[in-house]
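S.K.:
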Amino acid sequence: MSVQPINTGRREFLKHSALAGAGLIIGMTLPGRGRAQVPDPDSGAAAFFRPDGSGADFSPNAFVRIAPDSTVTVLIKHIEFGQGPFTGLATLVAEELDADWGQMRARSAPADAELYKNLAFGVQGTGGSTAMANSYNQMRKAGAAARALLVRAAAEAWSVPAGEISVSKGVITHEGSGKRASFGEFAEAASRFEPPEDVTLKSPDQFRLIGTDVPKLDTSIKSNGQAQFTLDVMRDDMLTVVVAHPPKFGATVAGVDAAAARKVPGVADVQTIPSGVAVYARDTWAAMQGRKALKIDWDETGAETRSTKQITADFETLSEKVGDIATDRGDVAGVQSRLAKRLDAVYRFPYLAHAPMETLDCVIQAQGDSVEAWFGSQIQTMDQQAIGEVFGIEPGKVVIHTMYAGGSFGRRATQASHLAREAAEVAKAHGKSRPLKLVWSREDDIQGGWYRPLNVHRLSGGVDDDGNIVAWDQTIVGQSIMAGSAFAGQIKDGIDPTSVEGARNLPYRLPNLRVSLHSPASPLPVLWWRSVGHTHTAYSTETFIDELLEMAGKDPIEGRLELLDEHPRHAGVLREVAKLAKAAGPAPEGRARGVALHKSFSSYVAEIAEVSRGDEGPRVHRVWCAVDCGVAVNPNVIRAQMEGGIGYGLGAILFDAITLEEGGRVRQSNFDSYRSLRIHEMPEVEVAIVKSDEDPTGVGEPGTPPIGPAVANAWRRLTGESVRDLPFVKPA
Amino acid sequence: MKLNINGTAHNVDVPKDMPLLWVLRDRLGLTGTKFGCGVAQCGACTVHVDGQPKRSCVTPVKFLGNSKITTIEGLDSPQAKAIQDAWCAIDVPQCGFCQSGQVMTATNLLTEKPNPTDDDIDGALAGNICRCATYVRIRQAVHDAADKLAG
Chain A
0 MSVQPINTGR
10 REFLKHSALA
20 GAGLIIGMTL
30 PGRGRAQVPD
40 PDSGAAAFFR
50 PDGSGADFSP
60 NAFVRIAPDS
70 TVTVLIKHIE
80 FGQGPFTGLA
90 TLVAEELDAD
100 WGQMRARSAP
110 ADAELYKNLA
120 FGVQGTGGST
130 AMANSYNQMR
140 KAGAAARALL
150 VRAAAEAWSV
160 PAGEISVSKG
170 VITHEGSGKR
180 ASFGEFAEAA
190 SRFEPPEDVT
200 LKSPDQFRLI
210 GTDVPKLDTS
220 IKSNGQAQFT
230 LDVMRDDMLT
240 VVVAHPPKFG
250 ATVAGVDAAA
260 ARKVPGVADV
270 QTIPSGVAVY
280 ARDTWAAMQG
290 RKALKIDWDE
300 TGAETRSTKQ
310 ITADFETLSE
320 KVGDIATDRG
330 DVAGVQSRLA
340 KRLDAVYRFP
350 YLAHAPMETL
360 DCVIQAQGDS
370 VEAWFGSQIQ
380 TMDQQAIGEV
390 FGIEPGKVVI
400 HTMYAGGSFG
410 RRATQASHLA
420 REAAEVAKAH
430 GKSRPLKLVW
440 SREDDIQGGW
450 YRPLNVHRLS
460 GGVDDDGNIV
470 AWDQTIVGQS
480 IMAGSAFAGQ
490 IKDGIDPTSV
500 EGARNLPYRL
510 PNLRVSLHSP
520 ASPLPVLWWR
530 SVGHTHTAYS
540 TETFIDELLE
550 MAGKDPIEGR
560 LELLDEHPRH
570 AGVLREVAKL
580 AKAAGPAPEG
590 RARGVALHKS
600 FSSYVAEIAE
610 VSRGDEGPRV
620 HRVWCAVDCG
630 VAVNPNVIRA
640 QMEGGIGYGL
650 GAILFDAITL
660 EEGGRVRQSN
670 FDSYRSLRIH
680 EMPEVEVAIV
690 KSDEDPTGVG
700 EPGTPPIGPA
710 VANAWRRLTG
720 ESVRDLPFVK
730 PA
Chain B
0 MKLNINGTAH
10 NVDVPKDMPL
20 LWVLRDRLGL
30 TGTKFGCGVA
40 QCGACTVHVD
50 GQPKRSCVTP
60 VKFLGNSKIT
70 TIEGLDSPQA
80 KAIQDAWCAI
90 DVPQCGFCQS
100 GQVMTATNLL
110 TEKPNPTDDD
120 IDGALAGNIC
130 RCATYVRIRQ
140 AVHDAADKLA
150 G
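Taken in sequence, the protein lines are chains A and B.
Just so we're aligned, residue 0 is where the first sequence starts under numbering that gives the first Met the number 0, counting upward by one.
Just so we're aligned, residue 0 is where the second sequence starts under numbering that gives the first Met the number 0, counting upward by one.
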């Protein structure tokens, strides 16, 4: 296959992109029952993809392949890790193609930014809950174009006007003559025509598949062990590689004694690479045993040696001064003297690991001047560039097979491509052309950095004699995710938009509002974590407004609605969630309910949590959720993403913190010390989707932000305690 | 060393303390069983040993003797079919990485308790982490499978 050269510099290509709120992933999910192709690592998407349309398949554009047996395969430009692009994007094509859902297939597109860029980023990548939003028209047009060519081929063969031909559920029909055909019968004939320049898309009232719960394409192979993840890629003569990483962030290798490691049976090689010491072995177990036998001296000059306790204290001191201004309207300072009641609060948010179920891994093989890699690449264009840089080859010579990934929650969207880079260094250091599988252990994952940044928020606000909230002053202290990365161009006037999103654009009608930001640097690498800045801004703003409304003697729902007169979609989900909870009857004795509302990634979500006192802290019994994400392409997937977003966020606010001891070592190492929500801790969840004809927006992340503040607001009603120091249950 | 896996005898030449997980995956190519933590905390590596769910990541092969080992690839019982059908009917998986382990544990639960309560389900599956938090659907699907088997 030909890969388009990418000439843009790594640090340049995102400068002007629309990646505000560069979040992650987690978009929507939709693959379907047993229909996804089991990726074949030997052929992969690259071999499958025929840009010139050669071969048996009808290839009207970069996204649609129609085979003689009438199966329709959609090349999916977004990585599938549970959020649903395989099913969702295939649905868009099937809709306009008037295909039957049973004939639809999906597989990963190759890495080729020219053809498969995210229209919101300008490079190929998944994040910010954009998969559906940026593909909505593109994929529908791809389906409509393919349909037009099939109809033209049928019209010619049957000698009838194209306008008299109809297509429904995969069957092409001419009523007058009674002629019928499948797509496959005209696949070859349709290949002879140029695709139309313009196509007419359906209006929402004509949708037959969009808006229905079509079965996901990848469910069956994910229920019987057949789905192929990176970890499952096995190549002839392959070695498995684990890397010993520095025990402190910013430390480097000073010296290695590998004699004992090399004696471990199965160990084939040991090499020092920029990120640590790599051990190569015939299987994972031998590689891990070899790593244990290494003796490494680390150079800790320049390492982060502060404890998280110290970092938090440093941030608190910073928060006493106004930072770089993100928003300033009215006169926050001037109004202070007129407050009838005043509220001051300091919030402390810990570092969080993403801990996706599949740890980071990558299979790589360098041969001559080309490199092939199989992994859960989330920003393929950046990963191609990183691997190309290490080998000194054109990024276009780097072939990436995007595999199913066992979750991400942001972890695979590394703005520095550190995994791809490490895999490339591992291959380069070994120096042979055999395939190598780099595997991170869970300890590597939990202790490896790239965390949700630790944040301190200081808020002060107050109400006047009439119960109006007249002042809101918020200072945020947190390390910038974008600084020093390819995304740095989006930092304007000192403001990393991902540090203040959700706070600077508070929807409530507040006459005097100021949000400012301090962005202290650290050698500890940080990263977007499911919903990015909203993970902390939703918590501080939605608990703070709840307390101010209570201070003003107002109902949490009615009080919010009074301040949302210019934001009908916010108000819409709030009314909807209130209706759901009301229909369930009053909270039983010993329980309380709390509400939170937050917009992120252009979607609106309100949640109500019902909470009692548990053994360790809050026990969350039920959650009601209302979401407005525009056209609901697959309601079942949207509900699943809300359920999952709620569970993911709940586990974090209840249990999770990455803490550094004095000296800078991470205390947590695995799921025993970094807890995940488990099934007995999962509340019942009821989701309502607000009907909308607006273009679809993301659902992977927006379910997460409201759950923390909804639980906190319920807890305050139940106990009188305002929890501003997370998590609720302190780690041992 | 001889191992009885999915009804077939396999001869493997591995260190005696090598966990079953890596023998299955790296030596025999049975990749349906997943690695999630390596310390019996997450359940992604769950297999059946003589019908009982076992964490293969902390089970050295030397302890297995003539035990019958069943992996997701060899799952074949009315309970397993009911579980997998129920999983598909309501689209339980998201990323899917933990689901082999979930299915193995749920199948064992249904084999021992044909009509489990929510508490039974929570008790049996509390050792199986799903970071996508598909728990609401797992619970539902186990009930659906039980109903289906009961006719």
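Ideal Cβ positions, reconstructed from N, Cα and C, are used throughout, including at glycine.
Source: prediction; values computed, not measured.
For a contact meaning CB atoms closer than 9 Å, what does B/T45 contact in chain A?
M.R.: The contacting residues do not exist; B/T45 stays about 11 Å from chain A at best.
S.K.: Evaluate A/T497 with the Cβ neighbour count: other Cβ atoms within 10 Å of its Cβ, from every protein chain shown; 16 or more gives buried, anything less gives exposed.
M.R.: Answer is buried; the Cβ neighbour count reaches 16.
S.K.: For the alpha helix (DSSP H) containing B/P115, list its first residue and its last residue.
M.R.: Counting along the chain, B/P115 falls outside any alpha helix (DSSP H), and DSSP gives it neither H nor E.
S.K.: In its own chain, which residues sit with a C-beta less than 8 Å from the C-beta of A/S107, not counting the 5 before and 5 after it?
M.R.: The residues are P38, A44, L74, I75, I78, E79, H400, T401 and M402.
S.K.: Pick out whichever of B/R24, B/L124, B/T116 and B/I128 has its Cα sitting closest to the Cα of B/D143.
M.R.: Considering only alpha carbons, the answer is B/T116.
S.K.: I want to know whether the stretch 657 to 666 of chain A touches the stretch 679 to 690 of chain A - three or more CB-CB distances under 8 Å.
M.R.: Verdict: no, contact absent.
S.K.: Below 9 Å on C-beta distance, what does B/Q83 contact in chain A?
M.R.: Result: S219, S222 and N223.
S.K.: Does the pairing of the stretch 264 to 280 of chain A with the stretch 224 to 233 of chain A give three or more beta-carbon distances under 8 Å?
M.R.: Judged by Cβ distances under 8 Å, the stretch 264 to 280 of chain A makes no contact with the stretch 224 to 233 of chain A, as fewer than three pairs qualify.
S.K.: Count the C-beta pairs between the stretch 33 to 42 of chain B and the stretch 439 to 449 of chain A that are closer than 8 Å, then say yes if the count reaches three, no if not.
M.R.: Yes, they touch.
S.K.: With a threshold of 6 Å on Cβ separation, who are the neighbours of A/G177 within its own chain once the five nearest residues in sequence on each side are excluded?
M.R.: Same-chain partners within the cutoff: there are none.
S.K.: Suppose you measure from the CA of A/R666 to the CA of A/I657; what does that come to, to the nearest Å?
M.R.: Approximately 7 Å between the Cα atoms of the pair.
S.K.: Taking 7 Å as the CB-CB limit, is B/S99 close to chain A?
M.R.: Chain A, which has a Cβ nearer than 7 Å to the Cβ of B/S99, makes this yes.
S.K.: Measure the Cβ-Cβ separation of A/A161 and A/A154 and say whether it is below 7 Å.
M.R.: For A/A161 and A/A154, yes; Cβs fall inside 7 Å.
S.K.: Under 8 Å Cβ to Cβ from B/T58, same chain only, skipping five residues before and after it: list those, please.
M.R.: Counting only Cβ-Cβ distances below 8 Å, and skipping sequence neighbours, we find P18, L19, L20 and V48.
S.K.: Between A/G124, A/G121, A/D56 and A/A250, which lies nearest to A/W297 when the distance is taken from Cα to Cα?
M.R.: Nearest C-alpha to A/W297: A/A250.
S.K.: Is it the case that the Cβ atoms of B/I137 and B/V91 are separated by a distance below 7 Å?
M.R.: Result yes, Cβ atoms of B/I137 and B/V91 sit closer than 7 Å.
S.K.: Verify the CB distance criterion: does A/F727 have a CB-CB separation below 7 Å to chain B?
M.R.: No, because no Cβ of chain B sits closer than 7 Å to the Cβ of A/F727.
S.K.: Where A/T413 and A/G483 are concerned, what is the direct C-alpha to C-alpha distance, given to the nearest angstrom?
M.R.: Between A/T413 and A/G483, the C-alpha separation is close to 13 Å.
S.K.: Exposed or buried, A/S165, counting other C-beta atoms within 10 Å across all chains shown (16 or more means buried)?
M.R.: Classification of A/S165: exposed, given that the 10 Å Cβ count is below 16.
S.K.: In this structure, how does DSSP classify A/S416 when only helix, strand and coil are distinguished?
M.R.: Of the three classes helix, strand and coil, the one that applies to A/S416 here is coil, per DSSP.
S.K.: Does the count of Cβ pairs from the stretch 414 to 426 of chain A and the stretch 96 to 106 of chain A closer than 8 Å reach three?
M.R.: Judged by Cβ distances under 8 Å, the stretch 414 to 426 of chain A makes no contact with the stretch 96 to 106 of chain A, as fewer than three pairs qualify.
S.K.: Please check if any C-beta of chain B sits within less than 7 Å of the C-beta of A/F732.
M.R.: Since the first residue of chain A shown is 0 and the last is 731, residue 732 of chain A is not available in this structure.
S.K.: Using only alpha-carbon positions, find the residue among A/K436, A/D464 and A/G477 that is nearest to A/L453.
M.R.: Of A/K436, A/D464 and A/G477, the residue nearest in Cα terms is A/G477.
S.K.: Does the CB of A/G355 have a neighbour CB from chain B at under 7 Å?
M.R.: In the sequence on display, residue 355 of chain A carries Pro and not Gly. It does: the Cβ of A/P355 has a partner Cβ on chain B nearer than 7 Å.
S.K.: Thinking A/A325 and A/I494 are a contact (beta carbons under 8 Å), I'd like their distance in whole angstroms, please.
M.R.: Yes, they are in contact, since the Cβ atoms of A/A325 and A/I494 sit about 5 Å apart, within 8 Å.
S.K.: With burial defined as no fewer than 16 other Cβ atoms inside 10 Å of the residue's Cβ, what is the status of A/P585: buried or exposed?
M.R.: The residue in question, A/P585, is exposed, as its Cβ has fewer than 16 Cβ neighbours within 10 Å.
S.K.: Pick helix, strand or coil for A/V722, following the three-state DSSP scheme.
M.R.: Note: A/V722 maps to coil in three-state DSSP.
S.K.: Quick check on the DSSP output: the alpha helix (DSSP H) that includes A/R290 runs from which residue to which?
M.R.: Looking at the DSSP string, the run of the alpha helix (DSSP H) that includes A/R290 is T283 to K291.
S.K.: State the CB to CB distance for the pair A/S69 and A/G142, rounded to an integer number of angstroms; the pair is presumed to be in contact (CB under 8 Å).
M.R.: With 8 Å as the limit, A/S69 and A/G142 do not qualify as a contact, their Cβ atoms being about 15 Å apart.
S.K.: At which residues does the beta strand (DSSP E) containing A/Y673 begin and terminate?
M.R.: It is not in any beta strand (DSSP E) - A/Y673 carries neither H nor E in the DSSP assignment.
S.K.: A/R568 and A/D627: beta carbons closer than 7 Å?
M.R.: Yes; because the gap between Cβ atoms is below 7 Å, this pair is in contact.
S.K.: Just to make sure I have the definition right: I need the residues of chain B whose C-beta is within less than 7 Å of the C-beta of A/P264. Which are they?
M.R.: What A/P264 touches in chain B: P14.
S.K.: When the Cα atoms are used, what is the spatial distance from B/R54 to B/Q101?
M.R.: Taking the straight line joining both Cα atoms gives about 12 Å.
S.K.: State yes or no: is the C-beta of A/V122 within less than 7 Å of the C-beta of A/A132?
M.R.: Their beta carbons are not under 7 Å apart, which means A/V122 does not touch A/A132 by this criterion.
S.K.: Give the residues of chain A in contact with B/P92, contact being defined as C-beta atoms less than 7 Å apart.
M.R.: In chain order: T218, K221 and S222.
S.K.: By the 10 Å Cβ neighbour count, where 16 or more other Cβ atoms means buried, how is A/I309 classified, buried or exposed?
M.R.: The sequence shown places Gln at residue 309 of chain A, not Ile. A/Q309 comes out exposed.
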